[in-house]
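Structure first, commentary second.
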Amino acid sequence: MITLLYFARLRESFGISSEQAAPPAEIADIGALLEWLRSRGDAWQNELAPGKPVRVAVNQAMATNATPFAEGDEIALFPPVTGG
Amino acid sequence: MITLLYFARLRESFGISSEQAAPPAEIADIGALLEWLRSRGDAWQNELAPGKPVRVAVNQAMATNATPFAEGDEIALFPPVTGG
Amino acid sequence: MVRVQNEDFDVGAEIAELRRDNARIGALACFVGLVRDLNEDDSVSEMSLEHYPGMTEKALAEIVAQARLRWEIADALVIHRIGTLKPTDQIVLVATTSAHRHEAFASCEFIMDYLKTQAPFWKKEQTAQGARWVDARESDDTARQRWNA
Amino acid sequence: MVRVQNEDFDVGAEIAELRRDNARIGALACFVGLVRDLNEDDSVSEMSLEHYPGMTEKALAEIVAQARLRWEIADALVIHRIGTLKPTDQIVLVATTSAHRHEAFASCEFIMDYLKTQAPFWKKEQTAQGARWVDARESDDTARQRWNA
Chain A
92 MITLLYFARL RESFGISSEQ AAPPAEIADI GALLEWLRSR GDAWQNELAP GKPVRVAVNQ
152 AMATNATPFA EGDEIALFPP VTGG
Chain B
92 MITLLYFARL RESFGISSEQ AAPPAEIADI GALLEWLRSR GDAWQNELAP GKPVRVAVNQ
152 AMATNATPFA EGDEIALFPP VTGG
Chain C
16 MVRVQNEDFD VGAEIAELRR DNARIGALAC FVGLVRDLNE DDSVSEMSLE HYPGMTEKAL
76 AEIVAQARLR WEIADALVIH RIGTLKPTDQ IVLVATTSAH RHEAFASCEF IMDYLKTQAP
136 FWKKEQTAQG ARWVDARESD DTARQRWNA
Chain D
16 MVRVQNEDFD VGAEIAELRR DNARIGALAC FVGLVRDLNE DDSVSEMSLE HYPGMTEKAL
76 AEIVAQARLR WEIADALVIH RIGTLKPTDQ IVLVATTSAH RHEAFASCEF IMDYLKTQAP
136 FWKKEQTAQG ARWVDARESD DTARQRWNA
């Protein structure tokens with residue numbers, strides 16, 4: 092299981108702020124995880140479409156599509172940040 | 092007559108903070124005025140020696156050796172500034 | 016020191032505390048970010064700030080650590096508010112101290128530029144046209160990237 | 016606004032006043048210069064600041080006017096103290112406000128760099144080796160000149 096967190100516009104579009112998920116074992120990096128989430132269709136397909144500016148953090152550190160993840164990780168998806 | 096003002100190290104070296112002076116009529120720019128003041132000798136010659144970093148303001152605006160001055164002007168001599 | 020809080024902050028008290036009794040400090044630079052009543056030509060009546068608890072504090076601490084690697088800083092303080100804010104409210108305070116002014120200015124601006132692009136905060140504005148998430152600005156990425164030049 | 020005064024100043028109160036009720040301000044940058052207890056490797060017990068009354072105010076106002084020509088500033092404040100000061104005392108405050116942070120940071124640093132090299136103030140330090148006039152620094156000239164690059 093991994094913990095998925097959603098913030099800001101993604102949280103609103105998906106209608107949830109977090110979930111426990113169990114992607115298939117062959118899904119081992121962020122690029123594959125996003126592909127898997129897109130297959131849920133609707134808001135997932137739309138918000139996570141390639142080219143959309145989605146940011147991902149694995150265990151609270153910024154990640155790229157090539158970043159691997161493992162059982163128990165906390166993975167957060169969010170739009171580009173706008174604080175300050 | 093012109094008013095001469097001295098600040099900081101120059102004020103201390105000359106022993107005065109201001110004076111009314113009447114340089115000869117042919118002395119019409121700052122370069123010539125400094126030469127005339129140097130002719131007083133001692134601290135004047137020393138502090139105003141060519142190459143010493145002396146700053147001059149005419150009527151409270153920064154001046155160079157080529158800046159002219161006239162009867163009634165306020166001319167200030169001081170070291171490079173060190174505020175802030 | 017890094018703080019994320021709902022409450023407002025007192026700039027005078029914070030910077031007095033930051034430099035207290037340290038006679039090696041010759042320079043203090045500080046920045047305050049404020050809610051404007053106008054953004055992208057629309058009037059803004061209210062703003063809410065969301066963040067990623069845990070990661071925010073880590074990201075801010077990392078930015079301050081990066082600044083300390085680059086400049087001789089005596090101390091640095093970052094306070095960022097979350098929750099609902101109104102025009103003229105204070106959003107963020109960054110203050111840095113150093114022996115000399117260049118280090119204080121540069122580190123303060125560096126921390127702000129990185130905070131803007133790296134710390135997980137998101138703003139949602141209430142405008143006359145309804146609520147909207149604020150878009151990230153390309154100029155903020157450009158501002159951050161110049162530190163790598 | 017430009018002030019030269021013997022009295023100390025309250026940074027919090029000054030910047031609150033500078034931005035009061037102006038919801039177009041999104042950024043406030045401020046700088047405070049402080050007396051250090053060490054200069055050129057000698058301990059400093061006291062400092063006295065002399066200035067050229069009349070010209071000082073004109074020079075500071077001119078520096079602020081130059082900053083306004085370069086950046087969109089909402090307001091700018093310069094307070095510089097004169098007289099006798101001790102380590103940790105505040106010497107100078109420069110604060111600028113703008114819609115955006117780059118303008119606030121740049122104008123604040125510009126004003127400080129010009130103040131350091133153009134405003135007629137002179138510092139005399141009391142050290143264990145006696146009193147001495149502080150020498151101007153070449154690095155301050157360099158800092159000012161980069162604005163013309």
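Residue numbers (our numbering), protein chains in the order written: chain A, 92 to 175; chain B, 92 to 175; chain C, 16 to 164; chain D, 16 to 164. Where a beta carbon is used, it is the ideal one built from N, C-alpha and C, also for glycine.
Answer yes or no: does any C-beta atom of chain D fall closer than 9 Å to that of C/Ile88?
In the third sequence, residue 88 of chain C corresponds to position 73, counting from 1. By this cut-off, C/Ile88 is not an interface position.
Within 9 Å (strictly less), CB to CB, does D/Thr112 reach chain B?
Looking up residue 112 of chain D in the fourth sequence gives position 97. False, the Cβ-Cβ gap to chain B never drops below 9 Å.
Got a sec, what are the start and stop residues for the beta strand (DSSP E) B/Met153 sits in?
Position 62 of the second sequence, counted from the start, is the residue given in the question as residue 153 of chain B. Unbroken beta strand (DSSP E) run through B/Met153: 152–154.
For a contact defined as C-beta to C-beta under 8 Å, what are the partners of B/Arg100 on chain D?
Along the second sequence, read from residue 1 onward, the residue named residue 100 of chain B stands at position 9. Per Cβ cutoff of 8 Å: Trp137, Trp148.
Excluding the five sequence neighbours on either side, which residues of its own chain have a C-beta within less than 7 Å of the C-beta of C/Trp148, listed in chain order?
For the purposes of this step, residue 148 of chain C is taken as residue 133 along the third sequence, with counting starting at 1. Counting only Cβ-Cβ distances below 7 Å, and skipping sequence neighbours, we find Trp137, Lys139.
Could you pull out every residue in the same chain whose Cβ sits closer than 7 Å to the Cβ of A/Ala154, ignoring the five residues on either side in sequence?
Residue numbering aside, residue 154 of chain A sits at position 63 when the first sequence is read from its first letter. For A/Ala154, where only same-chain residues beyond five positions count, the Cβ hits under 7 Å are Ile121, Val147, Ala148.
Looking only at its chain, what residues have a beta carbon closer than 6 Å to the beta carbon of C/Ala158, apart from the 5 residues adjacent to it on each side?
On the third sequence, residue 158 of chain C is found 143 positions in, with the first residue counted as 1. The residues are Asp128.
What number of angstroms, rounded off, separates the C-alpha of C/Asn37 from the C-alpha of D/Thr103?
For the purposes of this step, residue 37 of chain C is taken as the residue at position 22 of the third sequence. For the purposes of this step, residue 103 of chain D is taken as the residue at position 88 of the fourth sequence. Going from the Cα of C/Asn37 to the Cα of D/Thr103 covers about 7 Å.
With a Cβ-Cβ cutoff of 9 Å, do C/Ile78 and C/Val19 count as a contact?
In the third sequence, counting from the first residue as 1, residue 78 of chain C sits at position 63. In the third sequence, counting from the first residue as 1, residue 19 of chain C sits at position 4. The answer is no: Cβ separation not under 9 Å.
Per DSSP, what kind of secondary structure is C/Lys131 in: helix, strand or coil?
Residue 131 of chain C sits at position 116 when you count from the first residue of the third sequence. Note: C/Lys131 maps to helix in three-state DSSP.
Could you check whether the Cβ of D/Thr99 sits closer than 9 Å to any Cβ belonging to chain B?
Counted from its first residue, the fourth sequence places residue 99 of chain D at position 84. No, its Cβ sits nowhere closer than 9 Å to a Cβ of chain B.
Only counting the same chain, and skipping five residues up and downstream in sequence, which positions put a Cβ closer than 8 Å to that of C/Gln81?
Against the third sequence, residue 81 of chain C aligns to sequence position 66. These residues qualify, in order along the chain: Phe125, Tyr129.
Of the choices A/Ala167, A/Thr173, A/Thr158, A/Leu101, whose alpha-carbon is the least far from that of A/Ala119?
One-based indexing of the first sequence puts residue 119 of chain A at position 28. The shortest Cα separation from A/Ala119 among A/Ala167, A/Thr173, A/Thr158, A/Leu101 belongs to A/Thr158.
Inspect the CB distances between the segment 24–35 of chain C and the segment 132–144 of chain B and report whether three or more fall short of 8 Å.
Contact fails: fewer than three Cβ-Cβ distances are below 8 Å.
Out of curiosity, what's the CA-to-CA distance linking B/Leu151 and B/Gly163?
Position 60 of the second sequence holds residue 151 of chain B. Position 72 of the second sequence holds residue 163 of chain B. Note on identity: in this sequence residue 151 of chain B is Gln, with Leu being the wrong assignment. Their Cα atoms are separated by approximately 13 Å.
Could you list which residues in chain D have their beta carbon closer than 8 Å to that of B/Phe169, in chain order?
In the second sequence, counting from the first residue as 1, residue 169 of chain B sits at position 78. Here the neighbours are Tyr67, Pro135, Trp137.
Figure out for me which residue from D/Tyr67, D/Glu118, D/Ile97, D/Arg83 has the closest Cα to the Cα of D/Leu108.
On the fourth sequence, residue 108 of chain D is found 93 positions in, with the first residue counted as 1. When only C-alpha atoms are compared, the closest one is D/Ile97.
Can you pull the chain C neighbours of A/Ala148, defined as C-beta to C-beta under 8 Å?
As a first step, residue 148 of chain A must be located in the first sequence, where it is residue number 57. By Cβ distance, chain C contributes Tyr67, Met70, Pro135.
Express the C-alpha separation of C/Ala151 and B/Thr94 in angstroms, rounding to a whole number.
Taking the first residue of the second sequence as 1, we reach residue 94 of chain B at position 3. Taking the first residue of the third sequence as 1, we reach residue 151 of chain C at position 136. Whole-angstrom Cα-Cα distance: 60 Å.
Under a three-way DSSP split, which group does B/Asn137 fall into?
The residue you call residue 137 of chain B lines up with position 46 of the second sequence. In the structure shown, B/Asn137 sits in a helix (DSSP, three-state: H, G or I).
Alpha carbon to alpha carbon, how far is D/Asp156 from D/Asn163? Give it in angstroms, no decimals.
One-based indexing of the fourth sequence puts residue 163 of chain D at position 148. One-based indexing of the fourth sequence puts residue 156 of chain D at position 141. For D/Asn163 and D/Asp156, the distance between alpha carbons rounds to 12 Å.
Checking the sheet assignment: what are the DSSP bridge partners for B/Phe169?
Walking along the second sequence from the start, residue 169 of chain B turns up at place 78. Paired residues: B/Arg146.
For A/Gly163, return the contacting residues in chain C, with the cut-off set at a CB-CB distance below 8 Å.
The residue you call residue 163 of chain A lines up with position 72 of the first sequence. Within 8 Å Cβ-Cβ: nothing; A/Gly163 doesn't reach chain C, min ~16 Å.
My parser needs the alpha helix (DSSP H) runs of 4 or more residues fully inside the segment 46–87 of chain D; what are they?
Complete alpha helix (DSSP H) runs here, min 4: 70–85.
Listing by chain order, which chain C residues have their CB less than 9 Å from the CB of D/His95?
For the purposes of this step, residue 95 of chain D is taken as residue 80 along the fourth sequence, with counting starting at 1. In chain order: nothing, as chain C lies at least about 14 Å away.
Using a Cβ-Cβ cut-off of 7 Å (strictly less than) and excluding sequence neighbours within five positions of C/Glu72, which residues of its own chain qualify?
Reading the third sequence from its first residue, position 57 is the one you call residue 72 of chain C. Closer than 7 Å at the Cβ level, and outside the excluded window around C/Glu72, lie Val17, Val19.
Does the count of Cβ pairs from the segment 64–71 of chain D and the segment 94–111 of chain B closer than 8 Å reach three?
Contact between the segment 64–71 of chain D and the segment 94–111 of chain B is present, because at least three Cβ pairs lie under 8 Å.
Can you grab the Cα-Cα spacing for the pair C/Thr142 / A/Met92, in whole Å?
Within the third sequence, the letter at position 127 stands for residue 142 of chain C. Within the first sequence, the letter at position 1 stands for residue 92 of chain A. Cα to Cα, the separation comes out at about 40 Å.
List the residues of chain D whose Cβ lies closer than 9 Å to the Cβ of C/Arg34, in chain order.
As a working mapping, residue 34 of chain C is identified with position 19 in the third sequence. Neighbours of C/Arg34 on chain D, chain order: Val47, Leu49, Thr103.
D/Leu49 and C/Leu43 look like a contact to me (Cβ under 8 Å); what is the Cβ gap, rounded to whole Å?
Working through the fourth sequence from its first residue, we reach residue 49 of chain D at position 34. Working through the third sequence from its first residue, we reach residue 43 of chain C at position 28. That pair is a contact at about 7 Å.
Start and end of the alpha helix (DSSP H) containing C/Thr157?
Taking the first residue of the third sequence as position 1, residue 157 of chain C is located at position 142. Here the alpha helix (DSSP H) through C/Thr157 covers 153–160.
How should C/Thr167 be labelled, buried or exposed, when 16 other C-beta atoms within 10 angstroms of its C-beta is the threshold for buried?
The first residue shown for chain C is 16 and the last is 164, placing residue 167 of chain C beyond what the model contains.
Could you round the C-beta distance between C/Val47 and C/Gln133 to whole angstroms and report it? I think they count as a contact, below 8 Å.
As a first step, residue 47 of chain C is located in the third sequence; it is residue number 32 there, counting from the start. As a first step, residue 133 of chain C is located in the third sequence; it is residue number 118 there, counting from the start. Not confirmed; about 20 Å, so no contact.
Taking C-beta pairs closer than 9 Å, name the residues in chain A that C/Ala151 reaches, listed in chain order.
Translated into the one-based positions of the third sequence, residue 151 of chain C becomes position 136. Those are Pro144, Pro170, Pro171, Val172, Thr173, listed as they occur along chain A.
Can you tell which of D/Asn21, D/Leu53, D/Ala110, D/Lys131 has its C-alpha closest to the C-alpha of B/Pro171?
As a working note, residue 171 of chain B is residue 80 in the second sequence. Taking only the C-alpha atoms, the option nearest B/Pro171 is D/Lys131.
So who's on the other strand from B/Ile93, going by DSSP bridges?
Against the second sequence, residue 93 of chain B aligns to sequence position 2. BP columns for B/Ile93 point to B/Ala112.
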